[in-house]
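Visitor: Next up is a structure, given as structure tokens.
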Amino acid sequence: MNISRAILKFAGIGLVSLCFFSSPVTAADDDQFKHAAHLYDTYCTQCHGVNRDGNGLNSAFISVQPRDHSDPKGMGDIPNDEIIEVIKKGGLAANKSVLMPAWGGIFSDEEVEQLAAYLRHVCQCGSN
Ligand code: HEC
């Protein structure tokens with residue numbers, strides 16, 4: 005066996021064991037939030053950004069900056085009830101900006117709850 009074949013074989017074993025060990029965790033994780041992440045990608049990223057950091061395409065053009073959903077401090081301070089209320093009824097429902105739209109007519113209650121849980125996952129900040 006020449007050296008490059010040995011490297012290939014070694015890399016192959018590494019790859020297989022990587023998949024074997026890492027996929028169950030990430031797959032379960034992805035499955036749990038798959039639908040919410042898809043909704044977020046479709047409806048939220050234009051303001052909140054593909055990186056969930058508040059830097060969406062629209063953020064340069066609106067007077068109030070969208071919340072950085074990846075910020076554990078800022079998101080950790082918002083109670084779950086408020087997150088759910090704001091997603092359903094828009095920013096005004098929590099005395100926040102009207103620039104945060106209401107989504108209650110578009111998503112089911114279950115989807116709003118999934119989105120709220122997903123936001124907790126994104127910010128890595130516990131529920132309260
Ligand atoms: C048109 C732009 C826009 C879109 C689209 C948008 N948001 Fe927002 N969002 C905002 C702005 C602006 C704020 C900040 C409001 C403030 O601080 O007054 C905000 C704030 C929030 C907050 C924090 C509320 C709080 O109490 O501080 C949450 C949660 C949120 N958005 C969730 C979402 C979700 C989920 C979606 C997609 C379903 C979404 N947003 C789509 C503009 C948007």
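Residues in the sequence shown are numbered from 5 upward in steps of one, following my numbering.
All C-beta atoms, glycine included, are put in the ideal place defined by N, C-alpha and C.
With a Cβ-Cβ cutoff of 8 Å, do His52 and Pro70 count as a contact?
Guide: yes
Visitor: Following the continuous alpha helix (DSSP H) through Asp113, name the residue where it begins and the one where it ends.
Guide: Asp113 to Cys127
Visitor: In whole angstroms, give me the CA-to-CA distance for His125 and Leu103.
Guide: Roughly 24 Å between the two C-alpha positions.
Visitor: How far does the alpha helix (DSSP H) with Cys51 in it extend, from its first residue to its last?
Guide: Thr49 to His52
Visitor: In whole angstroms, give me the CA-to-CA distance for Ala64 and Thr49.
Guide: Distance from the CA of Ala64 to the CA of Thr49, rounded to the nearest whole angstrom, comes to 13 Å.
Visitor: Does DSSP put Gly130 in a helix, in a strand, or in coil?
Guide: coil
Visitor: Looking at the ligand HEC, does it come within less than 7 Å of Arg71, judged from the CB to the closest heavy atom?
Guide: yes
Visitor: Mapping DSSP to helix, strand and coil, what is His39?
Guide: Correct three-state label for His39: helix.
Visitor: Determine the direct distance from the alpha carbon of Asp81 to that of Tyr47, and round the result to whole angstroms.
Guide: 23 Å
Visitor: Express the C-alpha separation of Ile91 and Val29 in angstroms, rounding to a whole number.
Guide: Because Val29 sits at a pLDDT of 42, beneath the cut-off of 50, its placement in the model cannot be relied upon, and the following sentence gives the value as read from the coordinates. Taking the straight line joining both Cα atoms gives about 29 Å.
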